[in-house]
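For the sequence shown, the UniProt record's numbering gives the first residue as 1, with consecutive numbering after it. Just so you know, even glycine gets a beta-carbon here, dropped at the ideal spot from N, CA and C. In this text, all values refer to a predicted model and were calculated from it rather than measured experimentally. Note sheet for the following structure.
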Amino acid sequence: MLSSVCVSSFKGRKGGNKSSNKACYSADMTCPSESDKIVINCGGVRHETYRSTLKTLPGTRLSWLTEPDAFSNFDYDPKLDEFFFDRHPSVFSFILNYYRTGKLHCPNDVCGPLFEEELAFWGIDETDVEACCWMNYRQHRDAEEALDSFETPEPDAPDDDPALGGADGDLKRLCMQEDARKAGWWKTWQPRIWALFEDPYSSKYARYVAFASLFFILLSISTFCMETHEAFNTILNKTENVTQGNTTHEEIVYEVVTDSWLTVRGGRVCDLVHH
Numbered sequence: 001m002l003s004s005v006c007v008s009s010f011k012g013r014k015g016g017n018k019s020s021n022k023a024c025y026s027a028d029m030t031c032p033s034e035s036d037k038i039v040i041n042c043g044g045v046r047h048e049t050y051r052s053t054l055k056t057l058p059g060t061r062l063s064w065l066t067e068p069d070a071f072s073n074f075d076y077d078p079k080l081d082e083f084f085f086d087r088h089p090s091v092f093s094f095i096l097n098y099y100r101t102g103k104l105h106c107p108n109d110v111c112g113p114l115f116e117e118e119l120a121f122w123g124i125d126e127t128d129v130e131a132c133c134w135m136n137y138r139q140h141r142d143a144e145e146a147l148d149s150f151e152t153p154e155p156d157a158p159d160d161d162p163a164l165g166g167a168d169g170d171l172k173r174l175c176m177q178e179d180a181r182k183a184g185w186w187k188t189w190q191p192r193i194w195a196l197f198e199d200p201y202s203s204k205y206a207r208y209v210a211f212a213s214l215f216f217i218l219l220s221i222s223t224f225c226m227e228t229h230e231a232f233n234t235i236l237n238k239t240e241n242v243t244q245g246n247t248t249h250e251e252i253v254y255e256v257v258t259d260s261w262l263t264v265r266g267g268r269v270c271d272l273v274h275h
């Protein structure tokens with residue numbers, strides 16, 4: 001911990017001119033203004049670094065700590081010789097490491113909006129985030145954009161439309177209300193149907209559908225694999241006399257079931273994507 005003692009000595013006799021000379025004495029270290037190290041307490045966690053490190057990114061909040069008037073502009077404790085910031089301590093480790101290495105990484109255990117807020121506070125541009133962490137940082141924005149794309153606003157019919165006046169206007173209003181009821185019914189059931197086939201954890205029926213889909217997929221794959229095995233491809237040289245009217249019935253029950261299920265699944269996905 002940095003420590004220093006500042007004393008003032010006055011020279012001159014009684015009645016004479018007094019001249020004040022301020023001197024700084026320290027056992028091991030120099031005064032904080034002259035020291036090359038700086039202590040930052042962020043959220044109760046103390047960090048120590050060099051002033052030259054903070055000067056690598058000029059114009060940021062941490063670089064302002066190296067200015068001469070930083071002791072009066074920030075929360076500085078002269079007893080502990082440290083600057084205090086009530087911010088996220090774990091995120092600050094990544095911020096300070098950016099000054100040391102020149103590479104800004106995003107922590108995986110912190111959501112994007114929180115990290116974005118911390119970057120804005122410390123005065124760091126978000127475009128400096130490394131490519132390896134950019135997807136994790138942009139994940140919340142991509143999710144918001146995807147949700148906004150699904151929400152299509154309904155067109156509002158103007159109340160003062162002259163085309164809606166009279167008997168014809170009443171008929172048009174009834175047709176518009178009927179269309180609105182139809183659209184409302186589909187919008188009510190569409191999320192439920194989507195969750196039934198896409199989210200196995202939404203309900204117990206969704207789990208049943210997921211297990212059924214997995215069963216038919218495994219059955220179909222197993223069937224194709226077993227057809228190539230020699231145990232199921234026994235070649236028999238046998239001559240039979242086929243009379244007219246005698247037909248051979250093939251066992252294709254499993255193919256009908258699996259193909260039907262996969263067809264329904266594929267058609268449903270295409271229909272949901274279309275809507």
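- Relative to alanine 210, the option among Phe92, Leu219 and Asp199 whose CA is nearest is Asp199.
- At a Cβ-Cβ threshold of 8 Å, asparagine 136 and glutamate 82 do not count as neighbours.
- Here phenylalanine 85 is buried, its C-beta having at least 16 other C-beta atoms within 10 Å.
- Here valine 129 is buried. Its C-beta has 16 or more other C-beta atoms within 10 Å.
- If only complete runs of 3 or more residues are kept, the stretch 76-111 shows the beta strand (DSSP E) at 82-85, in order along the chain.
- Residue state for asparagine 73 is assigned as helix, using DSSP reduced to three classes.
- The shortest CA-to-CA distance from tyrosine 50 to any of His229, Leu96 and Ser72 is the one to Leu96.
- By the 16-neighbour rule on beta-carbons within 10 angstroms, phenylalanine 215 is exposed.
- Apart from sequence neighbours up to five positions away, the residues of its chain that approach arginine 100 with a beta-carbon distance below 8 Å are Thr49 and Thr53, ordered along the chain.
- Where valine 129 is concerned, there is no enclosing alpha helix (DSSP H), because DSSP gives it neither an H nor an E.
- Contact check for histidine 140 against glycine 112 passes: the beta carbons are separated by less than 8 Å.
- In this chain, the beta strand (DSSP E) harbouring lysine 37 covers 37-42.
- Residues of the same chain with a CB within less than 7 Å of the CB of glutamate 116, apart from the 5 flanking positions on each side, are Glu126 in chain order.
- Leaving aside the five residues that flank tyrosine 201 on each side, the residues in its chain whose CB is nearer than 8 Å to its CB run, in chain order, Arg207.
- Rounded to the nearest whole angstrom, the CA to CA distance from asparagine 233 to methionine 226 is 9 Å.
- Isoleucine 124 places its beta carbon less than 8 Å from that of threonine 60.
- Classified as exposed, valine 45 has fewer than 16 neighbouring CB atoms from the shown chains inside 10 Å of its CB.
- By the criterion of a C-beta distance shorter than 6 Å, cysteine 133 is surrounded in its chain by His105 and Cys106, once the five residues flanking it on both sides are discounted.
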